[in-house]
Amino acid sequence: MTTIMEMKRKDLRPLPELIRRKDGANDEPAEWDIHPCAAERGAPMTAVIPRIMNVPIQDFELDRVIRAHEMMHAKVSPGNRQPWIDRGIATDRAMIVAEEARVNFLVAKAGFDVDILEDGTEMNAGERISQRGDWAEAVYFVAAISGTGGLNKYLVGIRRHRPAWSPRLRRISQLIQKEFRRIDRTRYETPLSSTKTASGRLDPEKELVEGYFHTESIAEWLDRLAEEPHEDEPEDEQDEESADSNDSEDGEDKVEDDDEEGGGVGNEKEGDHDCPLSKQDLESQQPVRKDEAGSWAQLNVMEQNLTRHVPGGLGKKRIASNMGRNPRRIGRMFTDPQKRIFDRKVKGNGGVVLIDYSGSMSLSEKDVLDIMDAAPGCTVACYTTNSHDKDGRANLWVLGARGRMTTNIPRSRGGNGVDHPALVWAVQQKQRRNAPLVWVTDGGVVGPGQGYRDQLAMQCIKTCLKSNVVIRDNVEKAVELLNAIAAQKPIKKWWPLYFRTTYKRQTGHKLEV
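Now the structure itself:
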């Protein structure tokens, strides 16, 4: 019989050199650097391109499952996550935890017992997160341990301070596993473990592996759940029972009682009514499936010849002052207690105007010039592309900047293709945080050669909400808005029908005007 000391003395290093992928990673014959580490959360690590793996090497069952987990990372995880981050579909944190869930699912499918994947810190993590009231981290953490043995202890910690959160978080874990099972048993879906690249090129540094699209979709869904600002009704015991029964048809979720540590946990009243996500919201939101996902073209910016000087600026004006050289307001000598008989100029906030120049907008060159004339001192740009454009060809043109504008308006190419990259670029051009950003669009945002996708539209909506972007859908309304901004009048927000429909469908709530 093997003793504990014999198990400790064993050196069971994995052999990731044997793994073969379809994206070009690990093709060159070279030895991996295997560094022994403790079987604790955060210590094991796999870096595919530099071929480094930190992993426990002793002969314990937990060490064995962790080795399988890290080997699965070496088999299916992308060598470089930066191209996925640059897509902007999901946050880096969400993609990390969603990938942990995908890898754990594949490890379990390979026959390993992931129920033993726990290190004893889950309960403390749940208690700490719930005590801080950090709903977003609660969602991300439950995704990272979804399907493992640490889930129940984590929920016990959550219930110590936020008992209303526990059934929602358990249901999120169940929905993640349910989505993986659906993908795994659907014939026409891209396999979860696929490492084929979307373009067919073998470049693990830059290419997107197909299996990771599933991770990205679940990560985007987690971001939506983590951001949910709406309050919930009081919780009761029936929520957890219904959550369990809703998933019982799959026959693969065995749920234990949260209160395995004792009857006193979760009995306190604190947090009984403050779950940020209602049951209806959770059940109505679903991860975007791969065939519903989209992507943007590469943004290529070109500045036109800015030969036309435009005097003035948006919001620039003269106001009365008690200092100056020329008493332009001499009549205020006897009426103004502060004797403000001089003038001084107040700079405007400037601003950015972004024009959707696609075919659906039906804008002529005169329409674009009218918008430019109404935006003196602003950075003005238009964008358009189509599915035939190659990388490197301009698809966003700067028509005005630094008080100068062009008279050479490019021809529309008919398509959108770069709506969100152009919007992000426009946000970066703001000289002041409170500078206005006007987006002239009908909301029909699409990737190159694609149809309308809720996933891409939600990206644009989130950026508009975060950066206070004001939208108008035609020339007349855009000019009217710019004139109102110049006169410093109150501005009313407006959302295109596309965005209102998408937001309602994805979140269950209306966009605020």
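Numbering-wise, our numbering puts 445 at position 442 of the sequence shown, and it's gapless, one number per residue.
Where is the CB? At the ideal position from N, CA and C, for every residue including glycine.
Residue i in three-state terms, based on DSSP
i           : result
residue 400 : strand
residue 385 : strand
residue 486 : helix
residue 455 : strand
residue 272 : Any answer about residue 272 is weak, because its pLDDT of 45 lies below 50 and its placement is not dependable; what the coordinates show is given next. Three-state DSSP puts residue 272 in coil, outside helix and strand.
residue 95  : helix
residue 167 : coil
residue 239 : The predicted position of residue 239 is uncertain, since its pLDDT is 44 and thus under 50; a value taken from the coordinates is nonetheless stated next. Residue 239 falls in the coil class under three-state DSSP.
residue 440 : strand
residue 205 : coil
residue 60  : coil
residue 337 : coil
residue 357 : strand
Cutoff 8 angstroms; reference residue i; Cβ partners in own chain excluding five residues on either side
i           : result
residue 110 : 68, 71, 72, 75, 117
residue 308 : 409, 411
residue 251 : Low per-residue confidence applies at residue 251: pLDDT is 46, beneath 50, and the placement is therefore not dependable enough to give any value.
residue 147 : 99, 100, 103, 104
residue 22  : 29, 74, 77, 78
Where residue i falls, given that 16 or more other Cβ within 10 Å makes a residue buried
i           : result
residue 245 : Low confidence applies to residue 245: its pLDDT is 48, below 50, so where it sits in the model is not reliable enough to give any reading.
residue 501 : buried
residue 88  : exposed
residue 516 : exposed
residue 130 : buried
residue 464 : buried
residue 452 : exposed
residue 410 : exposed
residue 98  : buried
residue 163 : buried
residue 66  : buried
residue 191 : exposed
residue 506 : buried
residue 203 : exposed
residue 337 : exposed
residue 517 : No answer is possible for residue 517: the residues shown for the chain start at 4 and end at 516.
residue 107 : buried
residue 33  : exposed
residue 310 : exposed
residue 234 : Confidence in residue 234 is poor, its pLDDT being 42 and thus under 50, which makes the residue's placement unreliable; the coordinate value appears in the next sentence. Residue 234 is exposed by the Cβ-count criterion.
residue 180 : buried
residue 326 : exposed
residue 214 : buried
Whole-angstrom distance between residue j and residue i, CA atom to CA atom
i           : j           : result
residue 494 : residue 415 : 30 angstroms
residue 443 : residue 50  : 44 angstroms
residue 279 : residue 177 : 18 angstroms
residue 138 : residue 285 : 14 angstroms
residue 492 : residue 222 : 40 angstroms
residue 432 : residue 438 : 10 angstroms
residue 509 : residue 459 : 12 angstroms
residue 292 : residue 195 : 12 angstroms
residue 207 : residue 53  : 11 angstroms
residue 104 : residue 172 : 14 angstroms
residue 209 : residue 48  : 21 angstroms
residue 448 : residue 462 : 10 angstroms
residue 283 : residue 174 : 12 angstroms
residue 346 : residue 381 : 24 angstroms
residue 306 : residue 401 : 5 angstroms
residue 550 : residue 58  : This structure leaves residue 550 out entirely; the chain is present only between 4 and 516.
residue 474 : residue 166 : 41 angstroms
residue 216 : residue 184 : 15 angstroms
residue 16  : residue 25  : 24 angstroms
residue 339 : residue 229 : 55 angstroms
Own chain partners of residue i with C-beta closer than 7 angstroms, once the 5 adjacent residues on each side are dropped
i           : result
residue 302 : 398, 399, 421, 424, 425, 428
residue 102 : 80, 218
residue 370 : 478
residue 470 : 430, 440
residue 377 : 482, 485, 486
residue 96  : 143
residue 27  : 205, 206, 207
Cβ shell of residue i (< 6 angstroms), same chain only, five flanking positions each side left out
i           : result
residue 498 : 514
residue 115 : 68, 71
residue 39  : 60
residue 332 : 323, 344
residue 390 : 451, 452
residue 304 : 399
residue 92  : 219, 223
residue 55  : 36
Contact belief for residue i with residue j at Cβ below 8 angstroms, rounded distance in angstroms
i           : j           : result
residue 490 : residue 374 : That pair is no contact at about 17 angstroms.
residue 434 : residue 511 : That pair is no contact at about 37 angstroms.
residue 418 : residue 388 : 6 angstroms
residue 472 : residue 407 : Actually they are not in contact, since the Cβ atoms of residue 472 and residue 407 sit about 24 angstroms apart, beyond 8 angstroms.
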